[in-house]
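Inspection log for the structure reproduced underneath, given as structure tokens.
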Amino acid sequence: MKAKSENVLTGAHYLDGNHASAEGAIAAGCKFFAGYPITPSTEIAERVARRFPLIGGVFIQMEDELASMAAILGAAWGGRKSMSCTSGPGFSLMMENFGLGIMLETPCVLVNVQRGGPSTGLPTLPGQADMMQARWGSHGDYEIIALAPDSPQESFELAIHAFNLSEKYRTPVLVMTDECVGHMTEKVVIPPAEEIDLVERLYTEKPPGEAQPFEWSNYDIPPMLPVGKGYKFHITGLTHDERGYPIINAEAQDENVRRVSDKIKRHTDDIIWLEEKDTDDAEIIMMAYGISSRVMQPAIARAKQDGIKVGQIKMVTVWPFPEKRVRELAGKVKALIMVEMNLGQVYYEMERCAAGKCQTLLVDHAGGTVHNPEVIYNAIKEAAK
Amino acid sequence: MRFWRIPLDIDQIKIPRGELHIIKERCKGCAFCVEYCPKGVLKLSDEFNAKGYHPPEVIKPNECVNCDLCEMLCPDFAIYCLRVEECQEEVPVESKK
Amino acid sequence: MSVEIQQPPTEEHPKEKLLRMDRIPHIWCPTCGLGTTITAMATALEQLELDLNDVAVVSGIGCTGRVAGYMKLDSFHTTHGRSVPFALGLHIARPDMKTIVFSGDGDLISIGGNHFIHTARRNVDMTVICVNNFIYAMTGGQVAPTTPITARSSTSPYGNYEHPFNLPLLAASSGAVYVARWTALHIRRLTTAIKEAIAKPGFSFVEVIAPCSTLYARLNKLGSGLDLMKFYHDNSVIKHGADLREVDIDFQTKIVVGKFVDIEKPTYIECLNEGNKRVFGDKYKPYGVDHGDS
Chain A
2 MKAKSENVLT GAHYLDGNHA SAEGAIAAGC KFFAGYPITP STEIAERVAR
52 RFPLIGGVFI QMEDELASMA AILGAAWGGR KSMSCTSGPG FSLMMENFGL
102 GIMLETPCVL VNVQRGGPST GLPTLPGQAD MMQARWGSHG DYEIIALAPD
152 SPQESFELAI HAFNLSEKYR TPVLVMTDEC VGHMTEKVVI PPAEEIDLVE
202 RLYTEKPPGE AQPFEWSNYD IPPMLPVGKG YKFHITGLTH DERGYPIINA
252 EAQDENVRRV SDKIKRHTDD IIWLEEKDTD DAEIIMMAYG ISSRVMQPAI
302 ARAKQDGIKV GQIKMVTVWP FPEKRVRELA GKVKALIMVE MNLGQVYYEM
352 ERCAAGKCQT LLVDHAGGTV HNPEVIYNAI KEAAK
Chain B
4 MRFWRIPLDI DQIKIPRGEL HIIKERCKGC AFCVEYCPKG VLKLSDEFNA
54 KGYHPPEVIK PNECVNCDLC EMLCPDFAIY CLRVEECQEE VPVESKK
Chain C
25 MSVEIQQPPT EEHPKEKLLR MDRIPHIWCP TCGLGTTITA MATALEQLEL
75 DLNDVAVVSG IGCTGRVAGY MKLDSFHTTH GRSVPFALGL HIARPDMKTI
125 VFSGDGDLIS IGGNHFIHTA RRNVDMTVIC VNNFIYAMTG GQVAPTTPIT
175 ARSSTSPYGN YEHPFNLPLL AASSGAVYVA RWTALHIRRL TTAIKEAIAK
225 PGFSFVEVIA PCSTLYARLN KLGSGLDLMK FYHDNSVIKH GADLREVDID
275 FQTKIVVGKF VDIEKPTYIE CLNEGNKRVF GDKYKPYGVD HGDS
């Protein structure tokens with residue numbers, strides 16, 4: 002299915018990353034947005050609030066992030082494509098109902114414009130230190146899809162992609178951008194509506210009485226049930242069976258939790274999106290996501306001038322982690338270097354997958370500003386020794 | 004009760020009659036139905052259901068006036084009242100005495 | 025004429041079409057007021073003659089949170105305290121449906137208190153039925169924001185000393201357009217109240233005082249659930265339109281019940297449409313009205 006032209010602001014624009022995220026979501030058909038103001042994500046909510054009235058969407062500023070996340074789940078079950086945005090402390094508050102979204106297998110999108118933490122931290126300055134919270138922030142075992150744009154253009158594109166993944170896999174999807182990308186203003190080209198492919202929600206074809214809300218034994222991804230159509234289904238955040246009825250025992254837990262995780266794990270090849278450059282004959286491979294993947298470019302260029310064979314992987318999807326690819330590369334290269342704006346989060350996943358087969362290095366940064374390329378260059382030199 | 008007025012159309016009023024149905028195995032013996040039946044139709048029985056509660060039993064079957072109060076108060080959906088269309092015998096109204 | 029028909033499960037209770045019979049018997053204790061409240065709601069829905077496909081029920085966590093699991097409607101068992109914002113999202117997505125939140129005092133007023141007052145403030149068109157048993161029952165009888173002063177609970181073992189919330193006053197002052205309080209014993213009046221609340225456009229609130237024999241009555245030595253019902257019988261004072269500042273509930277004293285508030289006020293979606301219409305004029309298509317394009 003293609004995007005609807007009334008939702009798409011086709012043309013070349015000069016937008017910041019947050020406004021571009023909002024435009025992406027609107028182009029994807031988002032019609033419900035519940036949010037709470039928090040720096041540096043607020044521009045997304047502001048843009049949506051301005052744009053929604055004439056395209057039939059509803060923006061509501063909730064009393065807090067707990068309510069925002071709960072409301073987008075309710076609206077998603079009501080049949081709307083829905084989203085919220087937040088940052089830092091708000092992301093922590095949303096984790097409770099994010100887990101409900103996982104358990105109820107609810108398609109929706111949450112944009113986290115990362116700032117420096119912990120606690121109130123650096124409201125106006127960037128960080129990438131919520132990456133592990135994105136992975137494990139809500140309690141319990143689950144798999145998650147998280148995307149990381151590195152520019153306003155990509156913020157637009159990944160917002161659409163996030164909606165598509167959430168519908169395809171019937172799960173909440175995170176867009177983990179950061180203050181830098183959110184407030185960076187660049188040219189954003191919005192294509193014509195007919196060039197934007199959208200994944201529409203899969204509803205059951207079975208009649209009421211035969212359909213179940215989590216029919217995992219017959220479907221790869223269980224189709225959803227629409228409300229108000231006589232299905233009279235029940236869904237619960239408790240461990241449940243295919244009927245959505247709570248079942249409190251170890252067997253049901255194993256079945257439910259494993260299946261919700263497996264539906265992502267089974268499709269990692271489809272979900273994982275890496276942009277690789279010069280990785281074929283590289284002796285050192287740089288890995289990064291979001292703004293850090295741009296910041297490392299001067300360092301890579303300089304190292305190349307020095308004759309070092311440096312390849313790079315920009316992780317467009319950070320979660321699920323590209324385990325297979327990293328294992329493969331670890332056997333071929335001298336070193337893998339992770340550049341991220343935290344004190345080591347996704348790095349440890351890379352180190353785990355490298356399993357001692359090559360050197361692994363972390364170029365860390367506590368946040369507040371991006372890396373100095375000099376530091377990254379030095380790390381490459383160090384690894385190349 | 005004796006101060007109550009007797010309605011002028013008392014002769015034309017048909018007292019509704021109900022038939023009680025008790026789903027014994029659902030009963031948890033709270034006794035709401037027994038306590039609040041305005042006609043004292045029910046009492047807790049001596050028998051046990053599978054859960055170990057004493058379900059109610061009907062002791063004055065002909066006095067049920069189909070008021071539904073037992074059905075509405077029952078927290079366990081274990082008792083209900085169906086209207087009996089034809090009255091088989093005239094039940095003396097208390098005020099006539 | 026014998027009327028003793030003692031038949032096992034094949035019999036059909038008249039409320040069964042509104043219940044998930046594959047989940048009955050329910051988990052609630054003997055004499056719990058929740059089953060009674062469900063009957064009241066089911067009767068109200070029947071009397072309103074609504075298309076039951078167009079009714080959704082949302083619950084939070086706790087004993088009352090389990091209501092969603094027993095009602096044969098589109099039903100959502102959400103997280104603790106978040107039933108109201110979840111219902112808000114659902115209502116905005118499907119404004120043509122009736123959204124009913126059925127939850128407990130701890131869920132709605134303690135952990136969900138902020139959502140409750142803000143949704144009332146916005147006058148979102150939903151009905152909130154709050155079953156108040158004065159205690160956190162599911163977790164074993166802890167003190168609640170509704171526990172009367174001096175009442176004991178497992179976490180107020182020497183008697184509660186905090187001021188409890190006066191729920192009708194809270195709801196009304198937050199903006200609810202319909203506020204009533206009844207006990208589980210006032211079953212017909214409660215049914216009428218739920219009926220009126222569901223029919224009322226805007227945020228309507230019904231507080232149901234319900235017996236909890238296992239925890240509230242036991243910890244306070246008040247006897248059985250039946251004794252609590254008898255207490256309601258003897259101590260409830262019906263006072264429609266009462267001054268809500270005077271309807272606090274103290275430990276084992278009078279309980280003022282009645283219909284307290286029934287006013288007209290534009291709902292959230294009406295306000296949304298009016299606000300946008302004012303600015304955009306005819307370019308704005310009112311939300312929640314069928315334009316035949318969805």
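Same order as they appear, the protein sequences are chains A, B and C. In terms of our numbering, the first sequence opens at residue 2 and continues consecutively. In terms of our numbering, the second sequence opens at residue 4 and continues consecutively. In terms of our numbering, the third sequence opens at residue 25 and continues consecutively. Even glycine gets a Cβ: it sits at the ideal position worked out from N, Cα and C.
Which stretch, first to last residue, makes up the beta strand (DSSP E) that contains residue i?
{"i": "A:Arg116", "result": "109–117"}
{"i": "A:Pro299", "result": "Unbroken run through A:Pro299 is the alpha helix (DSSP H), 298–306; no beta strand (DSSP E)."}
{"i": "A:Tyr349", "result": "Looking at the DSSP string, A:Tyr349 is not in any beta strand (DSSP E); the run it does join, the alpha helix (DSSP H), is 347–355."}
{"i": "A:Phe34", "result": "31–36"}
{"i": "A:Thr237", "result": "235–237"}
{"i": "B:Glu22", "result": "20–25"}
{"i": "A:Phe322", "result": "No beta strand (DSSP E) contains A:Phe322, which DSSP labels as neither H nor E."}
Roughly how many whole angstroms lie between the Cα atoms of residue i and residue j?
{"i": "B:Pro64", "j": "B:Glu22", "result": "7 Å"}
{"i": "B:Arg20", "j": "A:Ile236", "result": "41 Å"}
{"i": "A:His14", "j": "C:Ala144", "result": "40 Å"}
{"i": "A:Pro185", "j": "A:Glu375", "result": "Checking the sequence shown, residue 185 of chain A turns out to be Met, not Pro. Distance between the alpha carbons of A:Met185 and A:Glu375 is about 22 Å."}
{"i": "A:Met297", "j": "A:Met177", "result": "19 Å"}
{"i": "A:Ala355", "j": "A:Arg136", "result": "19 Å"}
{"i": "C:Ala217", "j": "C:Ser134", "result": "24 Å"}
{"i": "A:Gly100", "j": "B:Asp71", "result": "44 Å"}
{"i": "B:Ile13", "j": "B:Val68", "result": "16 Å"}
{"i": "C:Gln30", "j": "C:His210", "result": "Confidence at C:Gln30 is low in this model, with a pLDDT of 46, below 50, so the placement of that residue should be treated as unreliable; the coordinate-derived value is given next. Each residue's Cα considered, the two are about 28 Å apart."}
{"i": "A:Phe389", "j": "A:Glu350", "result": "No statement about residue 389 of chain A is possible, as the shown extent of chain A runs from 2 to 386 and does not include it."}
{"i": "A:Asn373", "j": "A:Cys181", "result": "14 Å"}
{"i": "A:Val112", "j": "A:Phe34", "result": "11 Å"}
{"i": "C:Asp286", "j": "C:Phe140", "result": "18 Å"}
{"i": "C:Tyr308", "j": "A:Ile56", "result": "8 Å"}
{"i": "A:Ile222", "j": "A:Lys169", "result": "8 Å"}
{"i": "C:Leu268", "j": "C:Pro192", "result": "7 Å"}
{"i": "A:Lys325", "j": "A:Gly58", "result": "41 Å"}
{"i": "C:Cys295", "j": "C:Gly312", "result": "12 Å"}
{"i": "A:Gly12", "j": "A:Pro193", "result": "8 Å"}
{"i": "C:Asp149", "j": "A:Ser293", "result": "46 Å"}
{"i": "A:Glu352", "j": "A:Met288", "result": "12 Å"}
{"i": "C:Thr207", "j": "A:Glu196", "result": "60 Å"}
{"i": "A:Tyr290", "j": "C:Val108", "result": "37 Å"}
{"i": "C:Phe70", "j": "C:Thr215", "result": "The sequence as given places Glu at residue 70 of chain C; Phe does not occur at that position. Cα to Cα, C:Glu70 sits roughly 10 Å from C:Thr215."}
Can you say whether residue i is buried or exposed, counting buried as having 16 or more other CB atoms within 10 angstroms of its CB?
{"i": "A:Gln306", "result": "exposed"}
{"i": "A:Gln313", "result": "buried"}
{"i": "B:Ala34", "result": "buried"}
{"i": "C:Phe11", "result": "Nothing about residue 11 of chain C can be read from this structure; chain C reaches only from 25 to 318."}
{"i": "A:Gln213", "result": "buried"}
{"i": "C:Gly316", "result": "Caution is warranted here: a pLDDT of 49 is assigned to C:Gly316, below 50, making its placement in the model unreliable, and the coordinate value is therefore given only provisionally. Label assigned to C:Gly316: exposed."}
{"i": "A:Glu24", "result": "buried"}
{"i": "A:Ala302", "result": "exposed"}
{"i": "B:Pro78", "result": "buried"}
{"i": "C:Asp131", "result": "buried"}
{"i": "A:Ala147", "result": "buried"}
{"i": "A:Leu344", "result": "exposed"}
{"i": "B:Ile62", "result": "exposed"}
{"i": "C:Ile116", "result": "buried"}
{"i": "B:Leu11", "result": "exposed"}
Considering just the uninterrupted stretch of the alpha helix (DSSP H) at residue i, what are its terminal residues?
{"i": "C:Asp258", "result": "249–259"}
{"i": "A:Gly91", "result": "89–104"}
{"i": "C:Gly299", "result": "292–304"}
{"i": "A:Lys45", "result": "Correcting the residue type first, residue 45 of chain A is Ile in the shown sequence and not Lys. 43–52 is the extent of the alpha helix (DSSP H) around A:Ile45."}
{"i": "A:Arg259", "result": "251–266"}
{"i": "A:Ile27", "result": "18–28"}
Roughly how far, in whole angstroms, is the beta-carbon of residue i from the beta-carbon of residue j, given that I think they are within contact range, below 8 Å?
{"i": "C:Leu76", "j": "C:Leu97", "result": "6 Å"}
{"i": "C:Gly86", "j": "C:Asn147", "result": "C:Gly86 to C:Asn147, Cβ: 26 Å. No contact."}
Is residue i close to chain D? Criterion is C-beta to C-beta, closer than 8 Å.
{"i": "C:Gly86", "result": "In the structure shown, chain D cannot be found, because the protein chains are A, B and C."}
* **Complete runs of the alpha helix (DSSP H) confined to the segment 194–225 of chain C [at least 4 residues]** => 211–223
* Asked: Where in the segment 135–189 of chain A do unbroken runs of the beta strand (DSSP E), each at least 3 residues long, occur, reported from the N-terminal end onward?
  -> 146–148, 173–179
* Asked: Enumerated in chain order, which unbroken segments of the beta strand (DSSP E) with a length of 3 residues or greater are wholly contained in the segment 86–165 of chain C?
  -> 98–101, 122–128, 151–156
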